[in-house]
Amino acid sequence: MVFVKKLSYEIACNVLYDIKDEHTREAMFVDFTLAFKAIHSLPINLPGTTFWRGQRARARIVDRMIPIMNKRREELSKGVLSSTNDMLSCLLALRDENHQPLDDDLITDNLIFFISKGRNRRVTWAEIQKMKYTWRVAQELMRMIPPLFGSFRKALKETNYEGYDIPKGWQVYWATYGTHMNDDIFENPHKFDPSCFENPPKIIPPYSYLPFGTGLHYYVGNEFASIETLTIIHNFVKMYEWSQVNPEEVITRQPMPYPSMGLPIKMKPRCIIP
1 MVFVKKLSYE IACNVLYDIK DEHTREAMFV DFTLAFKAIH SLPINLPGTT FWRGQRARAR
61 IVDRMIPIMN KRREELSKGV LSSTNDMLSC LLALRDENHQ PLDDDLITDN LIFFISKGRN
121 RRVTWAEIQK MKYTWRVAQE LMRMIPPLFG SFRKALKETN YEGYDIPKGW QVYWATYGTH
181 MNDDIFENPH KFDPSCFENP PKIIPPYSYL PFGTGLHYYV GNEFASIETL TIIHNFVKMY
241 EWSQVNPEEV ITRQPMPYPS MGLPIKMKPR CIIP
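By full-length UniProt numbering, the letter at position 152 of the sequence shown is numbered 152, and the numbering carries on one by one without gaps.
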């Protein structure tokens, strides 16, 4: 599991920042891990708490990003790089409705948010578009073990839902499991069945499948996360044979879904015939 997390981070580093320095990448990986754990922790900013460690980690990430951003601005102004070089270059080149550049805090927040998703031949975009069944498998995995546990919404007006009065201003928590495991929406919800997204026996109502949230709070890195997932599955299945060391290992939440033992596996290269 650590290998997969590191692989996802390396891909994101190349696409978002194009950071070459190995020491910087390693240090930021550690800090991103700490910051990510603090997202759903109790917001108690006392020394030693998960939230406190996450806040300090985020500050270190920002401290490392500022000089990188300043150098990238200089390279863009000199024409050494273009705005299409990576996500950071694109954000630095963007202008708001007043034709002003985005401020550093907004750029840093967006970059942190994006990190929070043949043998030597790269998979092509055309191949990714053909991976329909692979994506159905990924969709079913996210239905049964959603990456987003749930979220809060504020009631803008007094309302009644299913006989419950919800006063204006109250915080309402919604959980993905409420619909993902509802047999009125998904037939045999506890059975792993990718075909339920290909030829569903029932129409999946809006706001029922929410691995990335929905509406104005929809995860903006959804497409990037989807492509990354398909690419990893494609290369992993194609290049390796593997088996679980602990078949009975359970999934815990820290707060995101995580194998309780780190998912140790045995793997060996596949014998690929040219």
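For each residue, glycine too, the CB sits at the ideal point set by N, CA and C.
Asked                                                                                                                                                                                 : Found
List, from N- to C-terminal side, the alpha helix (DSSP H) runs of 4 residues or more that fit wholly inside the segment 13 to 67.                                                    : 22 to 38
So what does DSSP say about K132, is it helix, strand or coil?                                                                                                                        : helix
What does the alpha-carbon distance come out to for the pair N199 and W135?                                                                                                           : 14 Å
From F197 to N45, what distance separates their C-alpha atoms?                                                                                                                        : 43 Å
Along the chain, where does the alpha helix (DSSP H) containing residue 296 start, and where does it finish?                                                                          : Shown here, the chain extends from 1 to 274; a query on residue 296 therefore has no answer.
If P146 and H190 are in contact, beta carbons under 8 Å, what's the gap, nearest whole angstrom?                                                                                      : Rounded, the Cβ-Cβ distance is 14 Å, inconsistent with contact.
Just to confirm the assignment, what range does the beta strand (DSSP E) spanning T108 have?                                                                                          : Note, T108: premise wrong, no beta strand (DSSP E); alpha helix (DSSP H) at 104 to 115.
In chain order, which continuous runs of the beta strand (DSSP E) of length 3 or greater are located wholly inside the segment 194 to 250?                                            : 240 to 244
Can the beta-carbon of K37 be found closer than 9 Å to that of G54?                                                                                                                   : yes
Do I19 and A35 have their beta-carbon atoms positioned less than 9 Å apart in this structure?                                                                                         : no
Report buried or exposed for L210, applying the criterion of at least 16 other Cβ atoms within 10 angstroms of its Cβ.                                                                : buried
Which of the three DSSP states is assigned to residue 275 in this structure?                                                                                                          : Residue coverage of the chain in this structure runs from 1 to 274, which leaves residue 275 outside it and unanswerable.
Ignore the nearest five residues each way along the sequence and tell me which others in V250's own chain have a CB closer than 7 Å to its CB.                                        : S260
Please work out which residues of its chain come closer than 6 Å, Cβ to Cβ, to Q139, disregarding the five sequence neighbours upstream and downstream, and give them in chain order. : F197
Please report the residue range of the alpha helix (DSSP H) in which residue 303 lies.                                                                                                : Because the chain in this structure spans residues 1 to 274, residue 303 falls outside the shown range and cannot be described.
Which residue from E22, V80, D109 puts its Cα closest to that of D63?                                                                                                                 : D109
Grab me the residues of I11's own chain with a C-beta within less than 7 Å of its C-beta, minus the 5 sequence neighbours each way, in chain order.                                   : E228
Span of the beta strand (DSSP E) holding S151?                                                                                                                                        : 150 to 154
Quick one: give me the first and last residue of the alpha helix (DSSP H) that M87 is part of.                                                                                        : 87 to 93
Assuming P257 is part of the beta strand (DSSP E), what are its boundary residues?                                                                                                    : 257 to 259
Does DSSP put I145 in a helix, a strand or coil?                                                                                                                                      : coil
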